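Counting in the working numbering, the sequence shown runs from 47 upward without gaps.
Okay, so here's the structure we're looking at.
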Amino acid sequence: MANIKSAQKRIRVAAKRQARNKHIKSTTKTAIKKLTTAVGAGDADNTQAMLVQAYAAIDKAASKGVYHKNTAARKKSRLTKLVNKTVV
């Protein structure tokens with residue numbers, strides 16, 4: 047355990063940020079998993095709604111700094127390709 051006051055605060059702040067990042071990543075992964083499940087089931091009606099939710103989750107993660115903007119763009123691109131390949 048740190049003895050210096052500033053180091054103790056850094057530990058507390060890092061733990062808070064880690065918890066926030068973990069929550070955002072988890073919700074993003076859940077949205078992506080729901081979308082891939084809907085695509086796998088061939089549910090075209092649900093797929094578009096799930097795609098919108100996944101986009102929102104990815105954009106939120108990117109705006110919070112959890113994902114780099116290029117990472118977010120890559121994830122969205124891959125999801126769009128997946129949906130277009132199966133729905134069309």
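Positions of the beta carbon are idealized from the N, C-alpha and C atoms, including for glycine.
Keep in mind that this is a model prediction, so the values were computed, not measured.
Between residue i and residue j, which are expected to be in contact by the criterion C-beta below 8 Å, what is the C-beta distance as a whole number of angstroms?
i	j	result
Lys122	Ile104	6 Å
Ala100	Leu128	Not quite, the Cβ-Cβ distance comes to about 10 Å (not below 8 Å), so this is no contact.
Between which residues of its own chain and residue i is the CB-CB distance below 8 Å, once the five residues before and five after are set aside?
i	result
Gly88	Thr132
Gln64	none
Ala84	Asn92, Thr93, Met96
Residue i to residue j, Cα distance in whole Å?
i	j	result
Ala108	Ile78	15 Å
Thr73	Asn116	19 Å
Arg120	Asn130	15 Å
Ala152	Arg56	Any question about residue 152 goes unanswered here, given that the chain covers just 47 to 134.
Measuring CA to CA, which of the options is closest to residue i?
i	options	result
Leu97	Thr126, Val112, Gly111, Ala118	Thr126
Lys110	Ile70, Ala48, Lys55, Ile57	Ile70
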